[in-house]
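What follows is one structure encoded as structure tokens, with my remarks underneath.
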Ligand SMILES: [Zn+2]
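Numbering (the working numbering), first residue to last: 439 to 704.
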């Protein structure tokens, strides 16, 4: 059984991103996963997990786990069976993302200090260190070897497939902002709600409490979240995004094509 779940309220709660009312939106079984036919489907747990969606920014979230400690997340979600519901977690995805970073930043590697936030087992940073980056440090509160907060600021902060796991996404963004140099760049991924989300609702494959997917962004929610810290967001499609306060000198030529936060949020 799951201990410590927050009891559901039928009343709207404040949106975790913008504070507007977020009424209940739908409910799925705790064992709903994101892997479909690629992995194991657990049998129904009998534990309902309610999601809310913000009336203003369309952020979709559950507050069911908001009182959990890191230990409770490790016991019930990030446990031995987690790799069954996220088969790419340990290695494959990290190497693919590392390859993208090397391609994009390779020429600047000697002067680029990288922090990987939510970087799990350090695979990504190991590839970057081997490729000659000035520094590549993993910071992941869920992994004991990498749970210590690093010192200093980083030119490039990466965070792949992390934001959807954060019960308090603004706190996560605040941590990232505190660790990012200015100018500096955050390169991250989280899948945004698709155009037909209102038809798919909680059947959308990315909704999966057993995968720890508790915070699911609309584009507006993502822009508003970063705007709180004075950051702008530019996206490559629906999954990969950049956030920055002022662009590093080598990207300054892109400044005019990145819209100001107010106009993007409109
Ligand atoms: Zn909102």
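Glycine included, C-beta positions come from ideal geometry on N, C-alpha and C.
Using alpha carbons as the reference points, say which of the options lies closest to residue i.
i	options	result
residue 489	573, 634, 466 and 579	466
residue 629	484, 641, 439 and 600	600
residue 647	460, 455, 688 and 498	498
residue 441	513, 491 and 685	513
residue 602	446, 459, 501 and 452	501
residue 524	470, 573 and 510	470
residue 543	620, 611 and 624	624
residue 632	615, 654 and 533	654
residue 683	461, 594, 658 and 649	594
residue 468	577, 652 and 526	652
residue 618	454, 459, 596 and 634	596
residue 591	551, 626 and 503	551
residue 681	627, 439, 634 and 649	627
residue 472	526, 504 and 614	526
residue 503	673, 446, 658 and 667	446
residue 533	621, 548, 598 and 495	598
residue 492	464, 586, 668 and 538	464
residue 462	439, 486, 482 and 480	486
Within the continuous alpha helix (DSSP H) that includes residue i, where are the two ends?
i	result
residue 662	657 to 665
residue 496	Looking at the DSSP string, residue 496 is not in any alpha helix (DSSP H), and its letter there is neither H nor E.
residue 464	Premise fails: residue 464 lies in the beta strand (DSSP E), 462 to 467, not in any alpha helix (DSSP H).
residue 522	520 to 523
residue 635	635 to 638
residue 551	Not the alpha helix (DSSP H): residue 551 falls in the beta strand (DSSP E), residues 551 to 555.
residue 535	530 to 543
residue 510	508 to 514
residue 581	Run containing residue 581: none; DSSP gives neither H nor E here.
Can you tell me where the beta strand (DSSP E) holding residue i begins and where it ends?
i	result
residue 681	678 to 682
residue 672	670 to 674
residue 613	Residue 613 -> not in any beta strand (DSSP E); alpha helix (DSSP H) instead, spanning 607 to 617.
residue 598	592 to 598
residue 577	573 to 577
For residue i, count the other beta carbons within 10 Å of its own beta carbon; 16 or more makes it buried, fewer makes it exposed. Which is it?
i	result
residue 690	exposed
residue 507	exposed
residue 536	buried
residue 530	exposed
residue 700	Confidence at residue 700 is low in this model, with a pLDDT of 46, below 50, so the placement of that residue should be treated as unreliable; the coordinate-derived value is given next. Result: exposed.
residue 448	exposed
residue 677	exposed
residue 687	exposed
residue 456	buried
residue 636	exposed
residue 478	exposed
residue 453	buried
residue 574	buried
residue 670	buried
residue 679	buried
residue 570	exposed
residue 709	The requested residue 709 does not occur in the structure, where the chain is confined to residues 439 to 704.
residue 641	exposed
Any beta carbon from chain B within less than 9 Å of residue i's own beta carbon?
i	result
residue 663	Among the chains of the structure shown, chain B does not appear; only one protein chain is present.
For ligand 1, which residues have a Cβ under 5 Å from at least one heavy atom, in chain order? 453, 455, 456, 458, 492, 494, 495 and 497
With a cut-off of 8 Å, do at least 3 Cβ pairs link the stretch 656 to 669 to the stretch 605 to 622? yes
For the 8 Å Cβ check, are there 3 or more pairs between the stretch 562 to 569 and the stretch 517 to 524? no
Should the stretch 550 to 557 be regarded as contacting the stretch 576 to 584, the criterion being three or more beta carbon pairs within less than 8 Å? yes
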